[in-house]
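Novice:
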Amino acid sequence: MKKGLITSILALTFGSLQAQPLPSSPKLVVTLTIDQLRTDYLEAFSSLYGEQGFKRLLREGKVFRQAEYAFDVADRAAAIAAFYTGAMPSMNGIIAERWFDPKILHTRNCVDDTAFMGNYTDQNTAPTQLLTSTLADELKIATRNAALVYAIAPFRDAAVLSAGHSGNGAFWLNHQTGKWCGTTYYGEFPWWLSQYNDSRSPDFRIKELEWNPLHPLERYTFLPEWRTMPFKYRFETEKENKYRRLIASPLINDEVNRVTEELLEKSNIGKDETTDLLALTYYAGNYNHRSTQECAMEMQDTYAHLDRSIARLLDMLERKVGLQNVLLCIASTGYTDPDGADTGIYRIPGGEFHLNRCATLLNMYLMATYGEGQYVEGFYDRQIYLNHKLIEEKQLSLANIQQKSAEFLVQFSGVDKVYSAYQLLLGPWSPQTERIRNGFHRHRSGDLLVEVLPGWTVVQENSNDNRVVRTAVPPAPLILIGSGIRPEIIRTPVEIDRVAPTLSGAMRIRAPNACKAMPLD
0 MKKGLITSIL
10 ALTFGSLQAQ
20 PLPSSPKLVV
30 TLTIDQLRTD
40 YLEAFSSLYG
50 EQGFKRLLRE
60 GKVFRQAEYA
70 FDVADRAAAI
80 AAFYTGAMPS
90 MNGIIAERWF
100 DPKILHTRNC
110 VDDTAFMGNY
120 TDQNTAPTQL
130 LTSTLADELK
140 IATRNAALVY
150 AIAPFRDAAV
160 LSAGHSGNGA
170 FWLNHQTGKW
180 CGTTYYGEFP
190 WWLSQYNDSR
200 SPDFRIKELE
210 WNPLHPLERY
220 TFLPEWRTMP
230 FKYRFETEKE
240 NKYRRLIASP
250 LINDEVNRVT
260 EELLEKSNIG
270 KDETTDLLAL
280 TYYAGNYNHR
290 STQECAMEMQ
300 DTYAHLDRSI
310 ARLLDMLERK
320 VGLQNVLLCI
330 ASTGYTDPDG
340 ADTGIYRIPG
350 GEFHLNRCAT
360 LLNMYLMATY
370 GEGQYVEGFY
380 DRQIYLNHKL
390 IEEKQLSLAN
400 IQQKSAEFLV
410 QFSGVDKVYS
420 AYQLLLGPWS
430 PQTERIRNGF
440 HRHRSGDLLV
450 EVLPGWTVVQ
460 ENSNDNRVVR
470 TAVPPAPLIL
480 IGSGIRPEII
490 RTPVEIDRVA
500 PTLSGAMRIR
510 APNACKAMPL
520 D
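With numbering that gives the first Met the number 0 applied, the sequence shown covers 0 to 520.
#1: Could you compute how far the alpha carbon of W225 sits from the alpha carbon of L47?
#2: For G343, does the count of other Cβ atoms within 10 angstroms reach 16, so buried, or fall short, so exposed?
#3: From the DSSP secondary-structure annotation, give me the bridge partner or partners of L277.
#4: Taking C-alpha atoms, which residue in S24, D100 and T182 lies nearest to L160?
#5: If you measure between the beta carbons of D34 and F154, is that distance less than 9 Å?
#6: As an exercise, report each continuous beta strand (DSSP E) stretch of at least 3 residues that is fully enclosed by the region 27 to 101, in chain order.
#7: Give a yes or no on whether the C-beta atoms belonging to I205 and E239 are separated by under 9 Å.
#8: On a CA-only basis, which of L245, C109, Y302 and E137 is nearest T124? Give me that one, please.
#9: Could you check what DSSP says for S404 in three-state terms: helix, strand or coil?
#10: Taking contact to mean at least 3 C-beta pairs separated by less than 8 Å, is the region 49 to 67 in contact with the region 91 to 106?
#11: So C357 is in the alpha helix (DSSP H); what residue range does that whole segment cover?
#12: How about G513 and A86: do their beta carbons lie closer than 9 Å?
#13: Quick one: give me the first and last residue of the alpha helix (DSSP H) that D446 is part of.
#14: Nearest to Y418 by alpha carbon, out of V449, K393, I400 and A499?
#15: Kindly list the residues whose CB is nearer than 7 Å to the CB of L36, restricted to its own chain and excluding five residues on each side of it in sequence; keep chain order.
#16: What did DSSP end up calling H440 once you bin it into helix, strand or coil?
#17: Which one of A516, G504, R509 and M517 has the shortest CA to CA distance from S23?
#18: Restricting to Cα atoms, I'd like to know which of R289, T274 and G349 is closest to L326.
#19: Mind checking who T456 pairs with in its DSSP beta bridge?
#20: Thinking just about the alpha-carbon of each residue, which of H164, R441, I390 and G372 is nearest to the one in Y184?
#21: Could you tell me how far apart the beta carbons of A146 and L138 are, in whole angstroms, since I believe they sit closer than 8 Å?
#22: Buried or exposed: S308, going by 16 or more other Cβ atoms within 10 Å of its Cβ?
#23: For R233, list the residues DSSP reports as bridge partners.
#24: By Cβ distance, which residues of its chain are closer than 6 Å to Y242, with the 5 residues on each side in sequence left out?
#25: Do the region 60 to 78 and the region 484 to 501 meet, that is, are 3 or more Cβ pairs less than 8 Å apart?
#26: Starting from R257, trace the beta strand (DSSP E) in both directions and tell me its first and last residue.
#27: Does the region 345 to 359 come into contact with the region 490 to 502, if we say contact requires no fewer than three beta-carbon pairs (one atom in each stretch) closer than 8 Å?
#28: Cutting at 6 Å between CB atoms, please list the residues of its own chain near Y379, excluding the five before and the five after it.
#29: Helix, strand or coil: how does DSSP classify E137 here?
#30: Alpha carbon to alpha carbon, how far is K515 from D300? Give it in angstroms, no decimals.
#31: Is V264 buried or exposed, if buried means 16 or more other CB atoms sit within 10 Å of its CB?
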């Protein structure tokens, strides 16, 4: 009797499991990476939003309030590469937008490649320096190239890294001409975008483009005392940098939407049963890279404009594809604080750290120790590169020189720790070094990585892009919305490398080849 009852229960259980159809794959997966998006800002400025943008995402989406990048100094390029590969810079090779290349004794961009010409640009571009597969690549492989993959972004690195090695096209705005451009790496430039460039690209409308606040002055909070009038920016007045200013404003997101609508109308993306991928990038950072104190009103209005751009995107996807056929994933690239150092009002300890001076003094120290020679070959972004050829010619131990150099540099004012390449590659593991190791690539990172004390300003030589070091990282959101996704707000931190296997599962494809992370629940 008991055996028969158990058999009946098992039969009913497995029968019901088999009767449940698997959820269908979405026709279109849309990934939207928003440069500099912060969870705390998104929440703080909610009184400026309508009902169909951020508020709709919070009502209908699965919202992870704090998505984290498990490596230090995540700039936009490194963050986007990690997002689409599900792997750290130590594996995918994109340690930053730029790094020093000892072969040319100069910095190189992460998507530079002289083998491929540009369309509507003189930049030579390809994703060949990205060393692992991406979501886009795996989708192409799984569908035998039938899936369509396009990327649209204000920035070259964002577009190319999003499209991956196998995409159909990557498009970004030319900072000099205001035309949408691409690279011959992805084949022929699409006819519809050429038509768009011939009549409707931003260079035709730059005289009319003007950024004004969406709301009356009194709707904005915590404004400085001097702010008694609303701002007004006309990009045409900037003779040389008008398109760079446009890209550093929230109006660029509407330009991304315009090209997205052209793509949805003029191509077959999202129109058949094969899952396609559309990778978009928005901007939500400080206007013209000024500090938050300088442009508090502009920062709040950026989020108000961003709210409207997202509402327009959702409406566009509803009209063109149907939101029931779309899986939308929104993520931040993290936030890099451009705020200036304390001027003395609040008496916070700090100072200025000059990497070029450290590199010069280190070279003098090594010459005094090992004899004449140019031991320091270059430096960039708190990393110092040693002259391996000279060290080999002198039959010296590279590991010993790295160690001695680290011991010398750690004595400088403002320096907290110095990591050598030998220590990161072959030294003992510790929780403190894990984040540093994740962001270190043996062929692209320096021999010495300098960690500067919080509160100190890292002064860049021949650049105004100086940064105040902060260990605490502002929270960055991750939002998933689509058919079958239950609305929920999750406050437990999650790591961003889990997004790639999650989206891979939704598309029924393999995760990227260097991805080790588990999918989100």
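Using N, Cα and C, we set each Cβ at its ideal position, and we do this for glycine too.
Specialist: So, from the listed chains and residues:
#1: Distance between the alpha carbons of W225 and L47: 22 Å.
#2: exposed
#3: V29 and Y149
#4: T182
#5: Yes.
#6: Under the rule that a run must span 3 or more residues, the beta strand (DSSP E) segments found entirely inside the region 27 to 101 read 27 to 34, 61 to 63 and 97 to 100.
#7: no
#8: C109
#9: helix
#10: no
#11: L354 to Y369
#12: Looking at the sequence shown, residue 513 is not Gly but Ala. Yes, the Cβ-Cβ distance between A513 and A86 is below 9 Å.
#13: Element bounds for D446: n/a, residue is neither H nor E.
#14: V449
#15: A283, S331, A475 and P476
#16: Coil.
#17: G504
#18: T274
#19: Looking at the DSSP assignment, T456 forms a beta bridge with E351 and V467.
#20: H164
#21: 5 Å
#22: buried
#23: E209
#24: H174 and G177
#25: yes
#26: Looking at the DSSP string, R257 is not in any beta strand (DSSP E); the run it does join, the alpha helix (DSSP H), is L250 to K265.
#27: no
#28: F99 and T106
#29: helix
#30: 39 Å
#31: For the record, residue 264 in the displayed sequence is Glu; it is not Val. By the neighbour-count rule (16 or more Cβ atoms within 10 Å), E264 is not buried but exposed.
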